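So the sequence shown is numbered by my numbering: it starts at 1201 and just counts up by one.
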Amino acid sequence: MTVLITGGTGFLGAWVARCLQAGGHAVRVLDRNADRSMLAAILGEAAVPDCIVADITDGEAVAAAAAGCDSIVHLAAMLTPACQADPPRGAAVNLGGTLAVFEAARRHGIRQVAYASSAAVYGPEGGTPRPDTHYGAFKLACELSARVYWLEHRVASVGLRPLVIYGPGREVGSTAGLSIACRKAASGEPYTIPFTGATDAIYVDDVAAAFAAAATRPPDGTHVLNLRGEVVDVAEVIAILTAMFPKAVLDAAGPPVPIAPELPRSDVEAVLGSLPRTTLREGLAQTTRFRGGSVSQESTA
Ligand SMILES: NC(=O)c1ccc[n+]([C@@H]2O[C@H](COP(=O)([O-])OP(=O)(O)OC[C@H]3O[C@@H](n4cnc5c(N)ncnc54)[C@H](O)[C@@H]3O)[C@@H](O)[C@H]2O)c1
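And the structure:
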């Protein structure tokens, strides 16, 4: 298959590209950011795919990028702090961009879209989706529109809701602290993770495998799945990293992530088949081995 990845020069996009290529699929990337260094670090320079530089709100550009593709992985989005700083632009990019992707799918007869929703659709109480952030509100709206594209146009979709994704390459967003702490622990530089308390953390390669499965499965219906990793206290992450690197100088400060850590269980395997599960300890160890220039075989086995 040929798969378009929007937001493909970003952190998760590079890992999804790697996973799809490993499965024998061709990848094309659309992103407003032309910097391919993340792709080069995760895939190796020779495997960096075609990158189309365009804004996700530009419907014509998205449709042109999708021409000839069999499936779309839609990741392009503004993260929580950027949506908080500029909610109208956040809505245009996160909701308007998602609609541009579904319109492109509809126009080209692409019947399968896998898109990044987020556990941010839940607020601190959990249970029923009731986000406390604009970012979460836009993600929830995307899920509702995805359902309408299935009902009206038979574009099938899978929306995935991870909470904190961590792993080699993550540097931005309000929950990047776990990944940055791995880098700082390995170098011995002091670092304060900017949140405390419990959250759900999932390793990026496990998330990438779920997106690859969602993009390449036979089209069927409209699904939204909570993608659970391990519920962990930030203090435990610090303890694991300090045990690995006794010279690490880590602490944490600030409020907890405003999303209930216990995500309701979704039957992910019924929709996507069996998926890899990296333990927290192994995922943190792999993240500490990343040196920014490349992902070693050892660190991604
Ligand atoms: N990282 C997490 O913990 C996490 C958790 C839940 C959901 N998600 C979702 O996963 C997806 C990928 O997140 P990530 O962590 O890789 O973030 P990222 O910022 O590394 O990647 C997002 C990419 O989208 C691109 N983008 C932003 N605005 C754009 C625009 N207007 N037009 C085109 N491209 C644009 C950026 O340039 C970037 O490359 C996002 O949709 C995010 O909301 C992430």
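Glycine residues also receive a C-beta, built at the ideal position from the N, C-alpha and C atoms. Owing to the predicted nature of the structure, the values given are computational and were not obtained by experimental measurement.
Using only the alpha-carbon positions, how far apart do L1295 and A1277 sit? For this step, residue 1295 is matched to residue 95 along the sequence shown. For this step, residue 1277 is matched to residue 77 along the sequence shown. Inter-residue distance for L1295 and A1277 is about 9 Å (C-alpha atoms, whole angstroms).
Please classify N1294: does DSSP put it in a helix, a strand, or coil? Numbered from its first residue, the sequence shown carries residue 1294 at position 94. Here N1294 sits in helix by DSSP.
May I ask whether a heavy atom of ligand 1 can be found less than 6 Å away from the beta carbon of P1281? Start at 1 with the first residue of the sequence shown, and residue 1281 comes out as number 81. It does not: the Cβ of P1281 is nowhere closer than 6 Å to a heavy atom of ligand 1.
Does DSSP put H1225 in a helix, in a strand, or in coil? Your numbering for residue 1225 matches position 25 in the sequence shown. In this structure, H1225 counts as coil in the three-state DSSP scheme.
With H, G and I counted as helix, E and B as strand and the rest as coil, what does DSSP make of V1449? For the purposes of this step, residue 1449 is identified with residue 249 of the sequence shown, where counting begins at 1. If DSSP states are grouped into helix, strand and coil, V1449 belongs with coil.
Assign S1318 to one of three DSSP states: helix, strand, or coil. The residue given as residue 1318 occupies position 118 in the sequence shown. If DSSP states are grouped into helix, strand and coil, S1318 belongs with coil.
For the stretch 1212-1228 and the stretch 1277-1287, state whether three or more C-beta atom pairs, one from each stretch, are separated by less than 8 Å. Pairwise C-beta distances place the stretch 1212-1228 out of contact with the stretch 1277-1287, as fewer than three of them are shorter than 8 Å.
Measuring CB atoms only, is the stretch 1447-1463 touching the stretch 1313-1326, in the sense that at least three cross pairs come out at less than 8 Å? With the rule of 3 Cβ pairs closer than 8 Å, the stretch 1447-1463 counts as touching the stretch 1313-1326.
Leaving out five residues on either side along the sequence, give the residues of the same chain with a beta carbon under 6 Å from the beta carbon of D1250. By one-based count along the sequence shown, residue 1250 stands at place 50. Once the five neighbours on either side are set aside, the close Cβ partners of D1250 are R1228.
Can you name, in chain order, every residue of its own chain whose Cβ lies under 6 Å from the Cβ of D1420, other than the five neighbours on each side? Here residue 1420 refers to the residue found at position 220 when the sequence shown is read from its first residue. The answer, listed in chain order, is A1356.
For a test of your reading of the model: does the CB of P1362 fall under 6 Å from any non-hydrogen atom of ligand 1? Yes or no. As a working mapping, residue 1362 is identified with position 162 in the sequence shown. Checking the Cβ of P1362 against ligand 1 gives yes.
Of the residues G1473, T1399 and G1309, which one's Cα is nearest the Cα of G1377? In the sequence shown, the residue the question calls residue 1377 occupies position 177. Checking every option, the nearest Cα to that of G1377 belongs to T1399.
List the DSSP bridge partners of A1401. Against the sequence shown, residue 1401 aligns to sequence position 201. Note: A1401 sits in a beta bridge opposite V1364 and E1430.
Count the other C-beta atoms from every protein chain shown that fall within 10 angstroms of the C-beta of F1302, then say buried if there are 16 or more, exposed otherwise. As a first step, residue 1302 must be located in the sequence shown, where it is residue number 102. Flag for F1302 reads buried.
Here's the rule I'm using: 16 or more other beta-carbon atoms within 10 Å means buried, otherwise exposed. How should G1244 be labelled? Indexing the sequence shown from 1 puts residue 1244 at position 44. So G1244 ends up on the exposed side.
Would you tell me roughly how many angstroms separate the C-alpha atoms of D1405 and L1427, rounded to the nearest one? Working through the sequence shown from its first residue, we reach residue 1405 at position 205. Working through the sequence shown from its first residue, we reach residue 1427 at position 227. Each residue's alpha carbon lies about 13 Å from the other.
What separation, rounded to the nearest whole angstrom, lies between the Cα atoms of E1343 and R1236? Taking the first residue of the sequence shown as 1, we reach residue 1343 at position 143. Taking the first residue of the sequence shown as 1, we reach residue 1236 at position 36. Here the alpha carbon of E1343 sits roughly 29 Å from the alpha carbon of R1236.
Separation of P1476 from R1383, as counted between CA atoms: Here residue 1383 is taken as the residue at index 183 of the sequence shown, counted from 1. Here residue 1476 is taken as the residue at index 276 of the sequence shown, counted from 1. If I take the Cα positions, the gap works out to 24 Å.
Are the beta-carbon atoms of L1239 and V1253 separated by less than 7 Å? Taking the sequence shown and counting its residues from 1, one reaches residue 1239 at position 39. Taking the sequence shown and counting its residues from 1, one reaches residue 1253 at position 53. Their beta carbons are not under 7 Å apart, which means L1239 does not touch V1253 by this criterion.
My assumption, with CB atoms under 8 Å, is that T1392 sits in contact with D1451. Please give the rounded CB distance. If you number the sequence shown from 1, residue 1392 lands on position 192. If you number the sequence shown from 1, residue 1451 lands on position 251. Contact between T1392 and D1451 is confirmed by a C-beta separation of about 5 Å, below the 8 Å threshold.
Return the chain-ordered ranges of every alpha helix (DSSP H) run that is complete within the stretch 1233-1290 and spans a minimum of 4 residues. With a minimum length of 4 residues, the unbroken runs of alpha helix (DSSP H) contained wholly in the stretch 1233-1290 fall at 1237-1243, 1259-1266, 1280-1285 and 1287-1290.
Which word fits S1374, buried or exposed, when buried means at least 16 other C-beta atoms lie within 10 angstroms of its C-beta? To locate residue 1374, count along the sequence shown from 1; it is residue 174. S1374 comes out buried.
Endpoints, the alpha helix (DSSP H) within which V1471 is located: If you number the sequence shown from 1, residue 1471 lands on position 271. Under the DSSP assignment, V1471 falls in the alpha helix (DSSP H) whose first and last residues are V1468 to L1472.
Relative to ligand 1, is the shortest distance from any of its heavy atoms to the C-beta of V1293 smaller than 6 Å? In the sequence shown, residue 1293 corresponds to position 93, counting from 1. Under cutoff, so the answer is yes.
Could you check where the beta strand (DSSP E) with I1380 kicks off and where it finishes? The residue labelled residue 1380 in the question sits at position 180 within the sequence shown. For I1380, there is no enclosing beta strand (DSSP E); the residue is part of the alpha helix (DSSP H) that begins and ends at G1377 to S1387.
Rounded separation between I1440 and Y1403 - CA only: Start at 1 with the first residue of the sequence shown, and residue 1440 comes out as number 240. Start at 1 with the first residue of the sequence shown, and residue 1403 comes out as number 203. Computed Cα separation, rounded: 15 Å.
Could you check whether the Cβ of S1318 sits closer than 6 Å to any heavy atom belonging to ligand 1? Here the question's residue 1318 lines up with position 118 in the sequence shown. True, at least one ligand heavy atom lies under 6 Å from that Cβ.
Return yes when the C-beta of T1375 is under 6 Å from any heavy atom of ligand 1, and no when it is not. In the sequence shown, the residue the question calls residue 1375 occupies position 175. It does: the Cβ of T1375 is within 6 Å (strictly closer) of some heavy atom of ligand 1.
According to the neighbour-count rule (16 or more other Cβ atoms, all chains shown, within 10 Å of its Cβ), is R1370 buried or exposed? As a working mapping, residue 1370 is identified with position 170 in the sequence shown. That one is buried.
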